[in-house]
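> Mapping of the sequence shown onto the numbering used here: residues 20 to 428, in sequence order.
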Amino acid sequence: MPKALLITYPQRSIREEAIGLVESAGYELAGLITQRYLRHSKYGLGTGKLEELKELAKEADVIVFDERLKSSQIYNLAKLTGLEVIDREKLILEIFNKRAKSKVAKLQVKLAELKYEIPRAKEKVRLAKKGEQPGFYGLGRYEVDDYYRAIRLQMREISRKLKEVRKRIALYRLRREELNLPVISLAGYTSVGKTTLFNLLTKESRETGKGLFTTLGTTTRVFKVKGFKALLSDTVGFISRLPTYMIDAFRSTLEELRYADLILLLLDASDPPREMARKFRVCSRILAELEVDPYRVVPVLNKCDLVGAEGLDARARALGLDKGECIAISAKEGIGIDRLEDRIYELVINPVRRSFRLGVDELKRISKALDMAEEYVKTKISIEGEEAMLSVIGPSWAVERLGKLVGKA
Ligand SMILES: Nc1nc2c(ncn2[C@@H]2O[C@H](COP(=O)(O)OP(=O)(O)OP(=O)(O)O)[C@@H](O)[C@H]2O)c(=O)[nH]1
Ligand SMILES: [Mg+2]
């Protein structure tokens with residue numbers, strides 16, 4: 020495993036997240052430098068830390084810088100240490116690249132990479148022409164404008180392909196809407212346990228993991244909420260300081276969220292209350308960027324097996340929620356799932372009960388349609404002589420439709 024020297028901020032949560040990213044990208048942490056301000060113009064890092072940097076760099080293969088860097092800063096750091104320099108965005112891209120499996124995910128990652136590259140392209144070629152620097156190998160043979168143009172061309176090509184995919188996804192969504200099944204989406208910070216919950220509810224076995232960004236695509240499956248069918252959708256996790264162009268690149272994947280009837284926003288109960296509230300704000304901001312209606316978003320505290328009852332109260336307070344309002348679950352241990360299903364049922368399925376009196380011959384006439392309706396509603400039939408009583412419970416739209424069929428709506 021290549022060794023990384025990490026430069027990040029001193030706050031524990033930021034530092035730990037950065038270490039998580041470094042490890043998820045496949046590096047071993049070889050050293051750590053922290054500083055409160057990382058936007059100094061020449062090296063990002065302040066000059067007071069440069070000696071320490073040079074010393075620690077001897078033990079490392081790459082430098083990971085937990086901020087956005089300009090090409091000139093990358094160049095300066097590389098020149099000083101002789102190592103390749105990776106900034107926060109590039110690091111996230113490396114993880115995405117490793118994890119992307121589906122064709123769409125690969126295209127999205129490629130587009131994000133090009134979007135990362137484009138504002139840096141001209142400067143990079145210029146610097147490469149000055150002399151070979153780690154990270155800029157091979158660029159020296161390009162003319163400045165050629166390289167820029169080549170990237171633009173590739174971007175256009177990939178955008179075109181993604182547009183086609185989006186069209187296909189939209190068609191698929193339309194078909195699902197015809198089915199009229201409500202869509203429930205899982206959202207939240209990366210590694211909060213979305214896929215673990217998805218697997219539990221749908222009995223699937225998608226990959227879960229300790230690392231960040233295990234999931235890079237969207238999967239939707241039918242599942243049952245207290246006997247009623249609905250669709251559950253699992254998708255890419257969020258992270259703080261995620262630039263808009265990366266959200267944009269994943270738009271066709273994340274767009275699902277906009278069409279969801281309900282979004283379960285998972286939070287990690289094992290985070291300290293303030294940290295959890297911060298992540299809640301990060302997620303809410305990203306959801307707002309995706310134009311998701313806030314009233315469709317319901318916070319859910321996952322990993323409640325890792326904290327006591329008092330701890331859960333403190334976390335509910337940190338979110339400004341009443342104890343009763345807060346849904347706490349453990350997707351791993353299967354705790355609190357009944358209550359979660361109750362809430363989904365209440366909020367989305369919204370069942371109504373109706374009874375219809377009809378003749379037995381009529382009942383025969385609609386028997387096939389009734390069989391089909393069983394997908395959405397629960398029915399009970401009691402027959403007395405020539406008369407039948409059909410009792411239905413289900414989502415209002417489905418019951419209404421059945422009422423029309425029976426001719427009693
Ligand atoms: N203790 C505990 N661990 C959990 C719980 N739910 C998930 N985990 C663990 O948290 C880690 C991340 O879980 P995932 O389901 O992969 O998380 P995710 O939100 O899908 O993450 P990404 O796809 O990377 O965004 C795994 O190691 C899970 O085993 C829980 O309720 N309790
Ligand atoms: Mg996942």
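Built from N, CA and C at the ideal position, the CB exists for glycine as well.
Could you check what DSSP says for K399 in three-state terms: helix, strand or coil?
strand
> Let me check one thing: in DSSP terms, what residues is L219 bridge-paired to?
According to DSSP, L219 bridges with nothing at all.
> Is DSSP giving G45 helix, strand or coil here?
coil
> For ligand 1, is there a heavy atom less than 7 Å away from the beta-carbon of F232?
In terms of side-chain proximity, the C-beta atom of F232 is found nearer than 7 Å to a non-hydrogen atom of ligand 1.
> Within the chosen definition, does the segment 92 to 103 reach the segment 76 to 84 through at least 3 CB pairs nearer than 8 Å?
yes
> Comparing alpha-carbon positions, which option in G330, P414 and A307 lies nearest Y364?
Considering only alpha carbons, the answer is P414.
> Which class does T27 belong to by DSSP, given the choice of helix, strand or coil?
strand
> Based on DSSP bridge pairs, tell me the residues matched to M408.
R376 and S401
> Below 6 Å CB to CB, which residues in the same chain sit around T239 once its five sequence neighbours on both sides are set aside?
L250 and S252
> Sorted by chain position, which residues of the same chain lie with C-beta nearer than 8 Å to P29's C-beta, five sequence neighbours on each side aside?
T53, Q54 and R55
> Check the C-beta distance from Q173 over to L112 and give it rounded, since I have them as a contact under 8 Å.
Not confirmed; about 15 Å, so no contact.
> Could you compute how far the alpha carbon of L359 sits from the alpha carbon of A392?
25 Å
> Would you report the Cα separation of R315 and E403, rounded to the nearest angstrom?
Their Cα atoms are separated by approximately 44 Å.
> For G65, which residues of its own chain have a beta-carbon under 8 Å away from its beta-carbon, when the five flanking residues on both sides are left out?
Q54, Y56 and H59
> Across the segment 370 to 378 and the segment 331 to 345, are there enough close Cβ pairs to call them in contact, namely three or more that are closer than 8 Å?
Touching, no.
> At a cut-off of 7 Å, would you count T227 as near ligand 1, judging by its Cβ distance to the nearest heavy atom?
Between ligand 1 and the CB of T227, the shortest heavy atom gap is smaller than 7 Å.
> Less than 7 Å between C-beta atoms, sequence neighbours within five positions excluded: which residues of the same chain meet that for A4?
Beyond the ends of the chain as shown, which are 20 and 428, falls residue 4; an answer cannot be given.
> Could you check whether the segment 200 to 208 touches the segment 324 to 338, counting it as contact only if at least three pairs of C-beta atoms, one from each stretch, sit closer than 8 Å?
no
> Does the beta carbon of I38 sit closer than 8 Å to a beta carbon anywhere in chain B?
Here chain B cannot be found, since the structure has a single protein chain.
> Cβ atoms of A279 and Q127: under 8 Å apart, would you say?
no
> Alpha carbon to alpha carbon, what distance is there between L382 and S401?
11 Å
> Does the beta-carbon of T214, which I'm using as the reference point, lie nearer than 7 Å to any heavy atom of ligand 2?
yes
> If we count the other Cβ atoms within 10 Å of its Cβ and call it buried at 16 or more, is V418 buried or exposed?
Around the C-beta of V418, 16 or more other C-beta atoms lie within 10 Å, and the residue is accordingly described as buried.
> Can you give the Cα-Cα distance for A44 and I266, rounded to whole angstroms?
19 Å
> So the candidates are G50, K73, T234 and L181; which of them puts its Cα closest to the Cα of I114?
T234
> Taking the beta strand (DSSP E) that T263 belongs to, which residues open and close that run?
Boundaries for T263: no beta strand (DSSP E) harbours it, while the alpha helix (DSSP H) harbouring it runs T263 to A268, taken from the DSSP string.
> Could you tell me the distance, in whole angstroms, from the CA atom of A428 to the CA atom of W416?
Since pLDDT at A428 reaches only 49, below the 50 mark, its modelled position is unreliable, and the value read off the structure follows with that caveat. Each residue's alpha carbon lies about 12 Å from the other.
> Could you tell me which of R270, L306, L96 and Y264 sits nearest to L283, measuring between CA atoms?
L306
> Return the first residue and the last residue of the beta strand (DSSP E) that I111 is part of.
Counting along the chain, I111 falls outside any beta strand (DSSP E), though it belongs to the alpha helix (DSSP H) covering R107 to R118.
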